[in-house]
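The structure appears right after this line, and notes come after that.
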Amino acid sequence: MKNALVTGGSGGIGKAVCLQLARSSFHVLIHYNSNKKSADEVLSLIESEGGKGETIRFDVSSKKAIESALGKWKNDNNDNHISVLVNNAGISKDNLMIWMEEGEWNSVINTNLNGFFHVTKSLLKDMIINKWGRIINIVSLSGLKGLPGQTNYSAAKAGIIGASKALAQEVGKKKITVNAIAPGYIKTEMIKNLDEKQLKTLIPVNRFGNTEEVAHLVDFLAGDNSSYITGEVININGGLYT
Ligand code: NDP
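The sequence shown maps to residues 0 to 241 in numbering that gives the first Met the number 0.
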């Protein structure tokens, strides 16, 4: 059984990804930071369907916390390693740049971009040694198009896109693929305050997306059938931006 770590497994998209990967026979590490209850619920759901998993906690904005939690997991699982990483944990703190506080900039960069760096770096060596891996980074439409009020978030997501393309070229020979998925509006806590009725008129398929739709794409990229796709950014936005 391959191990898949899904950061932000306690959140909307992460939960659907954990469930889908478990259905595809991965042992899923359901990561959370503050919402243990939700991570435990995801684990119960996986187990009720006959799947396997465990929960793991760390703050992705802290290099020390990441290294400590993943180091402990490695010690406890000596002859095992994580071969699929879904970098999904993320936050937004929207503000026009003219009003943006340095703290709003730094926390979004630290959580999204630096989190991607430290978590990926912690697991990359094992993937290289074992000559197989999948790194799937959840970015955003915002990182491709740029969205007003999101200079911090757009910068973080665009940074991950650049890093994904570069890393894909570094590790392709080791049968490790690195791809980014760029969702548009997906119904989760993160966008609960947006006006769906108004915004959906801008979306060609005329609705927000579901977390399960993102999860199926992650599941495909995590498997063997996607082995010739790497360094890509795949949009999943109902045609909002291409
Ligand atoms: P949610 O708010 O539902 O989930 C966010 C997840 O990130 C939670 O599991 C949360 O963990 C985790 N997280 C936040 N901060 C930290 C931290 N410092 N350390 C560790 N984990 C953290 O959001 P979504 O499911 O909507 O978002 C998932 C990803 O998809 C994000 O990267 C987001 O940017 C991206 N995305 C979402 C879109 C949407 O429309 N929903 C559109 C485009 C991209 P916990 O709650 O346990 O603290």
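In this text, a Cβ means the ideal position worked out from N, Cα and C, and glycines have one as well.
Here the structure is a predicted model, which means the values were calculated and not measured.
Starting from the C-beta of residue i, find all residues in its chain whose C-beta is less than 7 Å away, skip the five residues before and the five after it, and write them out in chain order.
| i | result |
| --- | --- |
| N34 | S9 |
| N151 | K92, M99, E103, W104, V107, I108 |
| K156 | N111, V138, S139, S141, G142 |
| V158 | Per the sequence presented here, residue 158 reads as Gly, with Val not at that position. Once the five neighbours on either side are set aside, the close Cβ partners of G158 are L112. |
Which residues does DSSP pair with residue i in a beta bridge?
| i | result |
| --- | --- |
| V83 | A3, R133 |
| P248 | Residue 248 lies beyond the stretch modelled for the chain, which goes from 0 to 241, so this question has no answer here. |
| Y31 | R56 |
| V232 | A179 |
| N94 | Q149 |
| G208 | I185 |
| H26 | N2, K51 |
Since residue i contacts residue j with CB under 8 Å, what's their CB separation in whole angstroms?
| i | j | result |
| --- | --- | --- |
| A181 | G142 | 7 Å |
| I134 | V177 | 4 Å |
| I175 | G222 | Going by Cβ atoms, the distance from I175 to G222 rounds to 14 Å, so no, they are not a contact pair. |
| V83 | K1 | 6 Å |
| A214 | A3 | Going by Cβ atoms, the distance from A214 to A3 rounds to 12 Å, so no, they are not a contact pair. |
| A179 | V232 | 5 Å |
| G148 | L95 | 6 Å |
| I128 | V170 | With a Cβ gap of about 12 Å, I128 and V170 do not count as contacting. |
| S60 | G114 | 6 Å |
| D125 | I65 | With 8 Å as the limit, D125 and I65 do not qualify as a contact, their Cβ atoms being about 14 Å apart. |
| R56 | N32 | 7 Å |
Excluding sequence positions up to five away, which residues of its chain have a Cβ less than 8 Å from the Cβ of residue i?
| i | result |
| --- | --- |
| I202 | G183, Y184, N236, G237, G238, L239 |
| G11 | I185, K186, T187, E188, M189, T210 |
| N205 | K199, G237 |
| K62 | N113, H117 |
Near residue i, what residues of its chain come up, given a Cβ to Cβ distance below 6 Å and the 5 sequence neighbours on each side ignored?
| i | result |
| --- | --- |
| I245 | No statement about residue 245 is possible, as the shown extent of the chain runs from 0 to 241 and does not include it. |
| G50 | A21 |
| V27 | A3, C17, L20, A21, G52 |
| S195 | This sequence places Glu at residue 195; Ser is not what is there. Closer than 6 Å at the Cβ level, and outside the excluded window around E195, lie F207. |
| G13 | V5, G7, N87 |
| S23 | D218 |
| S225 | F219 |
Pairs of beta-carbons, one from the segment 73-90 and one from the segment 7-21, closer than 8 Å: are there three or more?
Verdict: yes, contact present.
Is there contact here, the segment 108-125 with the segment 61-80, by at least three beta-carbon pairs under 8 Å?
yes
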